[in-house]
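For the sequence shown, full-length UniProt numbering gives the first residue as 1, with consecutive numbering after it.
From the three backbone atoms N, C-alpha and C, an ideal C-beta is built for every residue, glycine too.
Just so you know, these numbers come straight off a predicted model, no measurement behind them.
A quick write-up on the structure given underneath.
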Amino acid sequence: MTIGTARFATRTVSRIGYGALQLERLHGRRDEAVALLRRAVELGVDHVDTAEFYGSGFANEVIREALRPEDGVLVVTKVGADPDPGGRLPLRLAQRPEQLRASVEDNLRSLGTDRLEVVNLRRLDTGPGLRPDGDQVVGLDDQLAVMTALRDEGKIGAIGLSSVTLDGLRRALPAGVVCVQNAYSLVSRQDEDLLRLCTAENIAWVPFFPLGGSFPGLPRATDEPAVHAVAESLGVTPSQVGLAWLLHRAPNVLLIPGTADAAHLEANLAVGAITLDAAALAALDGIASRSTDVPIG
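Written as structure tokens, this is what we have:
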């Protein structure tokens with residue numbers, strides 16, 4: 001198996017990109033953050049996932065500084081939450097239509113562009129994380145109305161969805177959805193029907209928590225004996241096996257593993273060269289799937 005490419009909005013991209021969340025770990029070392037992103041581009045990364053609430057704008061600022069037009073990198077951002085540096089969590093929900101519009105403007109400003117190529121609408125209907133309450137309980141149709149308006153205005157190029165249910169995606173299909181970001185991994189496969197729908201509709205499937213969750217109580221692929229056994233047989237790490245399994249799962253799966261370490265970046269990108277044979281896939285597919293529907297906050 002080689003890494004290959006897949007369709008993402010109007011582009012064809014390498015199947016392993018970079019998630020910018022971990023850049024905030026380099027907040028006091030901006031030059032290192034820029035150098036890491038430049039290294040990712042040198043290694044063939046051509047799509048980057050970010051958000052204004054990653055490091056309260058720091059990730060976007062690094063992307064703005066590091067990436068050049070000639071790099072041809074697809075930058076994908078998201079709305080549905082805003083930075084909240086002084087809060088219990090570093091973000092607060094921003095689900096109302098006017099907040100979504102303001103978040104798009106914030107991302108445009110920090111990324112230094114007049115158009116966001118892909119914007120994910122981060123719903124909170126499923127998977128681990130916060131759940132909306134009060135005025136943050138907003139209908140999907142109202143959110144899609146403002147997102148399509150922003151697309152019509154030319155401020156965003158394409159719309160994605162995150163933490164969405166199967167029914168939600170079906171309802172959103174007429175709006176033209178180009179990608180779905182849900183929690184999905186070898187040990188958390190409750191969204192198989194959603195993945196199948198995305199595959200049928202040529203929608204990119206971009207899992208977050210691709211090795212399981214970082215919240216207490218969530219399963220992790222690297223804790224599974226079968227993952228360790230396959231890794232040992234191939235001479236790779238358990239993390240690489242978990243990521244490789246995702247690439248084998250469906251042709252529209254795109255990965256956005258994040259890291260603040262150059263060696264780890266190279267290890268993530270090397271996953272595209274890992275081949276899992278029928279016996280390895282059978283052993284991994286036999287691992288029990290557990291739910292990630294764990295609200296916090």
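Between which two residues does the beta strand (DSSP E) holding VAL227 run? It is not in any beta strand (DSSP E) - VAL227 instead sits in the alpha helix (DSSP H) that spans 225 to 234.
In the structure shown, what three-state DSSP assignment does MET1 receive? Only weak support is given to the placement of MET1: the predicted model assigns it a pLDDT of 44, under 50, and the value that follows is read from those uncertain coordinates. Residue state, collapsed to three classes: coil.
Look at the Cβ atom of LEU74, then the Cβ atom of LEU37, and state whether they are nearer than 9 Å. no
To the nearest angstrom, how far is the alpha carbon of SER162 from that of GLN181? 4 Å
Which first and last residues belong to the alpha helix (DSSP H) in which VAL119 is found? Element bounds for VAL119: not the alpha helix (DSSP H) but the beta strand (DSSP E), 116 to 122.
If we call anything under 9 Å between Cβ atoms a contact, is VAL45 one with SER14? Taking C-beta atoms as the reference points, VAL45 and SER14 count as a pair closer than 9 Å.
ARG7 versus VAL177, LEU23 and ILE203, residue with shortest Cα-Cα distance: ILE203
Looking only at DSSP bridge pairs, what is TYR184 linked to? According to DSSP, which records beta bridges pairwise, TYR184 is partnered with nothing at all.
Would you tell me roughly how many angstroms separate the C-alpha atoms of VAL146 and LEU195, rounded to the nearest one? 26 Å
Limits of the unbroken alpha helix (DSSP H) element including SER103: Bounds of the alpha helix (DSSP H) holding SER103 are 97 to 111.
On the three-pair Cβ rule with 8 Å, is the segment 205 to 224 touching the segment 268 to 279? no
Delimiting residues of the alpha helix (DSSP H) encompassing VAL13: Counting along the chain, VAL13 falls outside any alpha helix (DSSP H), though it belongs to the beta strand (DSSP E) covering 11 to 14.
Between the CA atoms of ARG11 and VAL138 - distance to the nearest angstrom: Cα atoms of VAL138 and ARG11: separation of roughly 31 Å, rounded to the nearest angstrom.
Would you be able to state if there are at least three C-beta pairs under 8 Å between the segment 21 to 30 and the segment 230 to 245? no
Can you name the residues that DSSP bridges to PRO83? Answer by DSSP bridge pairing, in chain order: LEU91.
Out of ALA35, ILE16, GLY28 and ASP142, point me to the one whose CA is closest to ALA262's CA. ALA35
Alpha carbon to alpha carbon, how far is ARG25 from VAL236? Give it in angstroms, no decimals. Linking VAL236 to ARG25 through their CA atoms gives a straight-line distance of about 26 Å.
Let me make sure I understand the geometry here. Which of ILE159, GLU224 and THR77 has the alpha-carbon closest to that of SER110? Closest by alpha carbon: THR77.
Residues near HIS248 in its chain [Cβ-Cβ closer than 6 Å; skip 5 each side]: Answer for HIS248: LEU276, listed in chain order.
Consider the C-beta atom of VAL104 and the heavy atoms of the ligand COA; say whether any pair is separated by less than 8 Å. Although the ligand COA was asked about, the structure shown includes no ligands whatsoever.
When DSSP labels each residue in this structure, what does SER214 get in the three-state scheme? SER214 falls in the coil class under three-state DSSP.
DSSP-derived helix/strand/coil call for ILE63: helix
So PRO210 and VAL187 are supposed to be a Cβ contact under 8 Å. How far apart are they, rounded? Contact flag wrong, Cβ pair sits at about 10 Å.
Classify ARG115: buried if its beta carbon has 16 or more other beta carbons within 10 angstroms, exposed otherwise. exposed
Using the Cβ count rule (16 or more neighbours within 10 Å means buried), how would you classify GLU232? exposed
Can VAL119 and ILE156 be called in contact, C-beta distance under 9 Å? yes
Tell me which residues share the same chain as GLY168 and place their Cβ nearer than 8 Å to its Cβ, disregarding the 5 neighbours each side in the sequence. ARG123, ASP125, LEU140 and LEU161
With DSSP as the reference, label VAL41 as helix, strand or coil. helix
Cross-strand partners of TRP205 (DSSP beta bridge): For TRP205, which the question treats as bridged, DSSP gives the partners VAL180 and VAL253.
Look up LEU36 in the DSSP assignment and give the residues it is bridged to. According to DSSP, LEU36 bridges with nothing at all.
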